[in-house]
Amino acid sequence: MFAVHLAARLTRPLLPVHDVATAYGEDTPAFLRDRRPGGPQLAPLTRAAYFDVRPVLVASDNVPGVYAVALETARAMGWEVELEEAPSAFQAVVTTRLMRFRDDIVVRVKPDEAGGATRVDARSRSRMGQGDLGANGARLARYLARLRRDLAARQLVVSSRL
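Structure representation (structure tokens):
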């Protein structure tokens with residue numbers, strides 16, 4: 400798995416973006432403190448570069464249970480959870496190692512529109528600048544991969560329908 404992650408990281412273009420999400424447009428996860436929508440113009444760029452940053456679809460309608468795992472995963476990764484709107488969303492902050500920039504992350508958990516499943520979306524955005532050297536996309540890819548493992552460890556099946 401590490402080899403796949405490393406290969407993906409090394410072959411990704413460094414996009415001049417600072418806001419990466421699993422969904423764009425009207426369905427972009429909104430930050431709890433800052434309700435501005437994400438930029439749909441970023442969707443084609445980030446989907447191509449961050450093919451592993453996709454919503455997580457769990458074959459369970461237990462939204463509170465999936466939310467609990469998503470929150471636990473974020474905390475285990477060292478994210479500083481600032482706001483919670485359980486069981487639908489939480490917002491966290493990560494401080495970058497090198498420059499000590501603070502980046503915002505929001506994770507949204509909701510029933511899937513098709514029914515019988517729960518969807519997890521996430522978004523990571525730098526507070527400063529117009530480019531992040533791939534930090535936000537890599538952060539979301541790591542989080543989503545770990546979330547999938549944590550869900551599977553609790554016998555919550557991640558669907559491949561998306």
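First residue of the sequence shown? That's 400 in my numbering, and the numbers climb one at a time after it. The C-beta atom is built at its ideal place from N, Cα and C for all residues, glycine as well.
By the CB criterion at 8 Å, residue 449 and residue 540 fall inside the cutoff. Among the bridge pairs identified by DSSP, residue 525 is matched with 502. Measuring C-alpha to C-alpha distances from residue 473 to each of 497, 522 and 510 identifies 522 as the nearest. 454 is the residue among 454, 445 and 427 whose C-alpha sits nearest the C-alpha of residue 547. By a beta-carbon distance limit of 8 Å, residue 520 does not contact residue 430. Their separation comes to about 12 Å.
Beta-bridge annotation (DSSP): residue 456 is paired with 518.
Contact check for residue 463 against residue 486 passes: the beta carbons are separated by less than 8 Å.
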